[in-house]
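Numbered by the numbering used here, the letters in the sequence shown go through residues 2 to 300 in order. In this text, a Cβ means the ideal position worked out from N, Cα and C, and glycines have one as well.
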Amino acid sequence: MSFISEIFGYLLNVLYQLFNNYGIAIIVFSVILRIILIPITIKQQISLKKSTKIQAEMNEIQKKYKNNPEKMNQEAMNLYKREKMSPFSGCLSSILQIIIILSVFWLVSQPLTYMKKINEPYNAESTDESEQVSVIDYYKNEIQKNNEGQRASYMEIEIINRYGSTDERVNLNMDFLGLDLSKVPGNNLSDWTVYIIPVLYVISSTISIRLSTGVGKKKKDKNLLTSGEEKTEEVNNELEAVESMNKNMSYMMPIMSVFIAFIAPLGLALYWLVSNILMTLERIIINKIMEHREEKENA
Numbered sequence: 002m003s004f005i006s007e008i009f010g011y012l013l014n015v016l017y018q019l020f021n022n023y024g025i026a027i028i029v030f031s032v033i034l035r036i037i038l039i040p041i042t043i044k045q046q047i048s049l050k051k052s053t054k055i056q057a058e059m060n061e062i063q064k065k066y067k068n069n070p071e072k073m074n075q076e077a078m079n080l081y082k083r084e085k086m087s088p089f090s091g092c093l094s095s096i097l098q099i100i101i102i103l104s105v106f107w108l109v110s111q112p113l114t115y116m117k118k119i120n121e122p123y124n125a126e127s128t129d130e131s132e133q134v135s136v137i138d139y140y141k142n143e144i145q146k147n148n149e150g151q152r153a154s155y156m157e158i159e160i161i162n163r164y165g166s167t168d169e170r171v172n173l174n175m176d177f178l179g180l181d182l183s184k185v186p187g188n189n190l191s192d193w194t195v196y197i198i199p200v201l202y203v204i205s206s207t208i209s210i211r212l213s214t215g216v217g218k219k220k221k222d223k224n225l226l227t228s229g230e231e232k233t234e235e236v237n238n239e240l241e242a243v244e245s246m247n248k249n250m251s252y253m254m255p256i257m258s259v260f261i262a263f264i265a266p267l268g269l270a271l272y273w274l275v276s277n278i279l280m281t282l283e284r285i286i287i288n289k290i291m292e293h294r295e296e297k298e299n300a
């Protein structure tokens, strides 16, 4: 995880040097990361579409071989093989998302370590190299002395806020449209500005979920129209089960993200907001392309 944070930090630092603004750097970083992940998003959408398509056939296999688990697993694997799908494709996508979330979390929590990569000795009064410490460690010791030994929640953010104006090495411009991206909502409950980005993220997530469920309902109605009368109720139940599962999964990630954003610097919430908007646009465009291609094939 630290290795990925190092790579992300290098990219974010290049963007920061270009724009000299932490917020703009995070926005451009989010765009670049979403572009890199487009092939995975397309694969995920195709996999989701195929999963909905083969659900009825999978249920038939489960019913037919419910007393023979070995045969049921074999037939299920044959079905995945025939459709060129992996039963673990959804899991791999979720794992990748979690890895990225945690890597970006460490990045915005420790920007001096992962972004500015400050590790040179601090030239204090002592000339003895063995007594010299890194810039980060030096300021950590200063803060701990001032706080009577109590460690701050985000020490590097505290260093930037306290010493950034006097030491260029630890200075980061975290002001974005009047918002301080170093602030943690959970530690600044009386400051209404810390709620702006998380609230916008919740709104964008709600719109994204509505659009996703709307697409699911449209597919469900289409499948019901093309199904025979005898299978209509069965297809309806199957699609409702898949739709319910997808809906629950869609709500889990935003809820988890809001909770983490509440205890993390606002830079993380900004990253999630931009990424969520871009992801929603990606899904709409990919779905339109896939639907157009499917209509062409059916014609």
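Buried or exposed by the 16-neighbour rule on C-beta atoms within 10 Å, applied to residue i
i      : result
Asn142 : exposed
Thr227 : With a pLDDT of only 49 at Thr227, under 50, the local geometry of the prediction cannot be trusted, and the value read off the model is given with reservation. Exposed: under 16 other Cβ atoms inside 10 Å.
Glu296 : exposed
Ser258 : buried
Gln18  : exposed
Phe4   : exposed
Thr114 : buried
Gln75  : exposed
Val200 : exposed
Ser183 : buried
Glu169 : exposed
Span of the alpha helix (DSSP H) around residue i
i      : result
Arg294 : 267–299
Pro70  : 70–83
Asn172 : Careful: Asn172 lies outside any alpha helix (DSSP H) and carries neither H nor E.
Met156 : 156–164
Tyr140 : 136–147
Beta-carbon spacing of residue i, residue j below 9 Å
i      : j      : result
Leu267 : Asp176 : no
Val171 : Lys118 : no
Glu11  : Pro112 : Before going further, note that residue 11 is Tyr rather than Glu in the sequence given. No; because the gap between Cβ atoms is not below 9 Å, this pair is not in contact.
Ile35  : Ser276 : Here the sequence assigns Arg to residue 35, which means Ile is not the residue at that position. Yes, the pair counts as a contact, with Cβ atoms nearer than the cut-off.
Ser6   : Trp107 : yes
Leu274 : Tyr202 : yes
Ile204 : Leu271 : no
Phe20  : Val32  : no
Ile8   : Leu16  : no
Paired residues, beta bridge with residue i - DSSP
i      : result
Phe177 : Leu180
Asn191 : Residue identity differs from the one stated: residue 191 is Ser in this sequence, not Asn. Answer is none; Ser191 lacks a bridge partner.
Item to check | Segments assigned beta strand (DSSP E), at least 3 residues, entirely inside the region 4–60 | outcome: none
Checklist entry - Which whole runs of the alpha helix (DSSP H) in the region 92–116 are 4 residues long or more, in chain order? => result 112–115
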